[in-house]
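*Asks:* Counting with the working numbering, you get residues 378 to 549 for the letters of the sequence shown.
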Amino acid sequence: EKEQPFSYQYSAPLRMDLALTFRCQNDCVHCYAGGPHETTELDTAQWKIILDRLSEVGVFIVTFTGGEPTLRDDLAELLLYAQNKGMVTGLITNGRRLKDPSYVETLEKAGLDFVQVTLESHKPEAHDKMTNAQGSWRETVEGIRNAAQSQIYVSTNTTLSKHNAADFLVTI
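(1) Relative to the C-alpha of Leu395, which candidate in Ser532, Leu468, Cys401, Thr533 has its C-alpha closest?
(2) Applying the criterion that 16 or more other CB atoms from any shown protein chain within 10 Å of the CB defines a buried residue, is Ala422 buried or exposed?
(3) Cα separation between Val547 and Ala503?
(4) Tell me the DSSP secondary structure of Val547 in three-state form.
(5) With respect to the alpha helix (DSSP H) encompassing Gly467, which residues constitute its N-terminal and C-terminal limits?
(6) Count the other CB atoms within 10 Å of the CB of Tyr387; is the residue buried (16 or more) or exposed (fewer)?
(7) What would DSSP say about Ile426, mapped onto helix, strand or coil?
(8) Compare the beta carbon distance of Gly488 and Leu448 with 8 Å and say whether it is the shorter of the two.
(9) Can you say whether Gln426 is buried or exposed, counting buried as having 16 or more other CB atoms within 10 angstroms of its CB?
(10) Terminal residues of the continuous beta strand (DSSP E) containing Asp394?
(11) According to DSSP, is Gln526 part of a helix, a strand, or is it coil?
(12) Name the residue from Arg474, Gln526, Phe437, Asn403 whose alpha carbon lies nearest to the alpha carbon of Ala453.
(13) For Gln460, report the span of its alpha helix (DSSP H) as first-last.
(14) Under the three-state reduction of DSSP, which class applies to Ser479: helix, strand or coil?
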C-alpha cells in the first residue's frame, strides 16, 4: 500500500532556522529585521543548549541565519557542534564574508552542508541599490564563486520587488 504524502507524523519540525544575530553589513530595503540591526544575542553556550534541545526532540536540519550569521565569531563552532549531533547544517547569508577562501574552508571543515546566498540581481548597480551597500555585489559574487568550489551545496535567493522586478521581466 502506498503511503500518502505528508501522512507521516513527525515528532518535531524537520528544519529549524536560527537567527544568530541581527547585525549585518548590508541595509537591504526589504529587510525584515529593519532598524539598526542591533539586539541582544545569545552566547555560544546558550546556542549549544538550544541545539541540544532541538536534537533531543528530533529536529535534524538547522539553518543558521540572521541578520548576517557570518558576523558571529562562533559560527564554525556552532556548525561543528550541530554536525556532531548528527544534524544537517545550512547557512543563509549575503555571501560577503565568503569572498575569503580560507573562511569558506573553515566552514567546510566545520561540516557546513549547504549555503543559500542572497543575490539581488545580475546587475551590480541593482544589487547594490537593494542592499544599500556599495560594492556588495562584487563581494557576494566572489563569495558564491568560492563556495561553489567547495564541497558545500550552494544555491542563491533573489528578492523580487518593485525595486528590481524590471530586471526579471522577459519579453516574448
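Glycine included, each C-beta is placed from N, C-alpha and C at the ideal position.
Please read all numbers here as calculations on a predicted model, not as lab measurements.
*Replies:* On the basis of the supplied data:
(1) Looking up residue 395 in the sequence shown gives position 18. With distances taken between Cα atoms, Leu395 lies closest to Leu468.
(2) Here residue 422 refers to the residue found at position 45 when the sequence shown is read from its first residue. Looking at its Cβ environment, which holds fewer than 16 other Cβ atoms inside 10 Å, Ala422 is exposed.
(3) Here residue 547 corresponds to residue number 170 of the sequence shown, with the count starting at 1. Here residue 503 corresponds to residue number 126 of the sequence shown, with the count starting at 1. Its pLDDT being 48, under 50, Val547 is placed unreliably in this model, and the value from its coordinates should be taken loosely. C-alpha separation (whole angstroms): 17 Å.
(4) Stepping through the sequence shown from its first residue, residue 547 is reached at position 170. Because Val547 sits at a pLDDT of 48, beneath the cut-off of 50, its placement in the model cannot be relied upon, and the following sentence gives the value as read from the coordinates. Correct three-state label for Val547: coil.
(5) Here the question's residue 467 lines up with position 90 in the sequence shown. Going by DSSP, Gly467 is part of no alpha helix (DSSP H) but of the beta strand (DSSP E) stretching over 465-470.
(6) Within the sequence shown, the letter at position 10 stands for residue 387. Tyr387 counts as exposed, since fewer than 16 other beta carbons sit within 10 angstroms of its beta carbon.
(7) Numbered from its first residue, the sequence shown carries residue 426 at position 49. Taken through DSSP and simplified to helix, strand or coil, Ile426 comes out as helix.
(8) Mapped onto the sequence shown, residue 488 falls at position 111. Mapped onto the sequence shown, residue 448 falls at position 71. For the 8 Å CB-CB criterion, Gly488 and Leu448 do not form a contact.
(9) For the purposes of this step, residue 426 is taken as the residue at position 49 of the sequence shown. Per the sequence shown, residue 426 should be read as Ile rather than Gln. That one is exposed.
(10) The sequence position of residue 394 within the sequence shown is 17, counting from 1. Residue range 392-396 is occupied by the beta strand (DSSP E) that includes Asp394.
(11) For the purposes of this step, residue 526 is taken as residue 149 along the sequence shown, with counting starting at 1. For Gln526, the secondary structure class from DSSP, reduced to helix, strand or coil, is coil.
(12) Looking up residue 453 in the sequence shown gives position 76. Nearest neighbour of Ala453 by Cα position, chosen from Arg474, Gln526, Phe437, Asn403, turns out to be Arg474.
(13) Indexing the sequence shown from 1 puts residue 460 at position 83. 452-461 is the extent of the alpha helix (DSSP H) around Gln460.
(14) Within the sequence shown, residue 479 is the residue found at index 102, counting from 1. Three-state result, Ser479: helix.
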